[in-house]
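Note that my numbering has the sequence shown beginning at 209, numbered continuously upward.
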Amino acid sequence: MSIEQIRQAMVAAMFALLALPGLCNEKAEPDPARSQYWPPIRQMMFGERPIEDGRDVLRIYLNTRADDASTVPVAVKAQIDQSDGRYIKTVFLIVERNPSPAAGVFHFTPDSGRVQVETRLRFEDFSFVRAVAELNDGKLYEATRWVKAAGGCSAPGGKFRIPENMIGQMKFKFWDDTVEAAKPALVQLMIRHPNESALAADFDPTRTPRFVRSVKVSYAGKTVLTADVDFSLSDNPSFRFFFVPGQQGELEAVVEDTHDKVYVHRATIVEGVPLPGG
Numbered sequence: 209m210s211i212e213q214i215r216q217a218m219v220a221a222m223f224a225l226l227a228l229p230g231l232c233n234e235k236a237e238p239d240p241a242r243s244q245y246w247p248p249i250r251q252m253m254f255g256e257r258p259i260e261d262g263r264d265v266l267r268i269y270l271n272t273r274a275d276d277a278s279t280v281p282v283a284v285k286a287q288i289d290q291s292d293g294r295y296i297k298t299v300f301l302i303v304e305r306n307p308s309p310a311a312g313v314f315h316f317t318p319d320s321g322r323v324q325v326e327t328r329l330r331f332e333d334f335s336f337v338r339a340v341a342e343l344n345d346g347k348l349y350e351a352t353r354w355v356k357a358a359g360g361c362s363a364p365g366g367k368f369r370i371p372e373n374m375i376g377q378m379k380f381k382f383w384d385d386t387v388e389a390a391k392p393a394l395v396q397l398m399i400r401h402p403n404e405s406a407l408a409a410d411f412d413p414t415r416t417p418r419f420v421r422s423v424k425v426s427y428a429g430k431t432v433l434t435a436d437v438d439f440s441l442s443d444n445p446s447f448r449f450f451f452v453p454g455q456q457g458e459l460e461a462v463v464e465d466t467h468d469k470v471y472v473h474r475a476t477i478v479e480g481v482p483l484p485g486g
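This is the structure we're talking about:
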């Protein structure tokens, strides 16, 4: 099932839940095992598959109380190495109480070097954030955090609208001036994009919602990261992740949005040095 099919089914399920009595917004952190939002989401995404405690596999890092619910930084970091024998294949990032709970589905390979995803999320209501890792053996592991933030999905868009000719501009930010061959290197992909939905308070109903829906990153022709994402990500979405460079190669990002626009950005690495323009 694609993230678009999951999104459509879960939006319908969320509206049904919101219509039920007694689902008020808890001010204190509720018990994640007793969440009324999680069972239908879990069933839709994972069926009857068992999900184990993931504290030794992955962890979520974020502020549990956010000042701006429209842009909440979140990091999901693996606690295991990527190897040919055992590696994290997929990370599902879920914001339980958002209108579209599946914020992103991120796919990795052993060539990813190390699994880490950092991005920024919108929160429409106080919610659990769940990261579910699927390993190459098919087992599922979960990490959970409670976040106090609300109104981010329906918040007005940015003060300044991005000109059409600037949408899709991208940049790589490398954490070090040089990168070492065969050693995982941290890089951030920044995308200029409104990432807007029809939920925004100032959304023009004569326009069509527009947000990034897929991201594909490769290095020297090998897949590093692919992601199916939606409007639960903040505007101007960014992704921080690892890749394993060689002595020379090209890091490439291909991004597609819901208007079927495709944007491509590349950076060449020669002898461990990212060249200007990355």
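In this text, a Cβ means the ideal position worked out from N, Cα and C, and glycines have one as well.
Just to confirm before moving on: does the CB-CB distance between residue i and residue j stay below 8 Å?
i	j	result
residue 287	residue 319	no
residue 262	residue 326	no
residue 380	residue 403	no
residue 338	residue 352	yes
residue 441	residue 312	yes
residue 240	residue 336	yes
residue 392	residue 466	no
residue 396	residue 448	yes
residue 284	residue 266	yes
residue 277	residue 406	no
residue 314	residue 299	yes
residue 401	residue 438	no
residue 348	residue 257	yes
residue 316	residue 290	yes
residue 275	residue 305	no
residue 454	residue 388	no
residue 355	residue 270	yes
residue 297	residue 344	yes
residue 249	residue 307	no
Taking Cβ positions only, does residue i come closer than 8 Å to chain C?
i	result
residue 455	No chain C is present in this structure, which holds just one protein chain.
Mind checking residue i: buried by the 16 CB within 10 Å criterion, or exposed?
i	result
residue 478	exposed
residue 470	exposed
residue 360	buried
residue 413	exposed
residue 237	exposed
residue 390	exposed
residue 421	buried
residue 457	buried
residue 472	exposed
residue 378	buried
residue 294	exposed
residue 247	exposed
residue 342	buried
Under the assumption that residue i contacts residue j (Cβ atoms under 8 Å), give the Cβ distance between them as a whole number of angstroms.
i	j	result
residue 460	residue 425	7 Å
residue 370	residue 463	Actually they do not touch by this definition, with Cβ atoms about 14 Å apart.
residue 451	residue 427	5 Å
Measuring from the CB of residue i, is there a heavy atom of the ligand ATP at a distance below 7 Å?
i	result
residue 340	No copy of the ligand ATP appears in this structure; indeed no ligand is present at all.
Subject >> Entirely enclosed beta strand (DSSP E) segments - the region 363-438, minimum 3 residues >> reply: 378-382, 393-399, 420-427 and 430-437
Original post:
What runs of the alpha helix (DSSP H), each 4 residues or longer, lie entirely inside the region 232-272?
Top reply: 246-254
Original post:
Along the chain, which unbroken stretches of the alpha helix (DSSP H) at least 4 residues long are found entirely within the region 299-342?
Top reply: none
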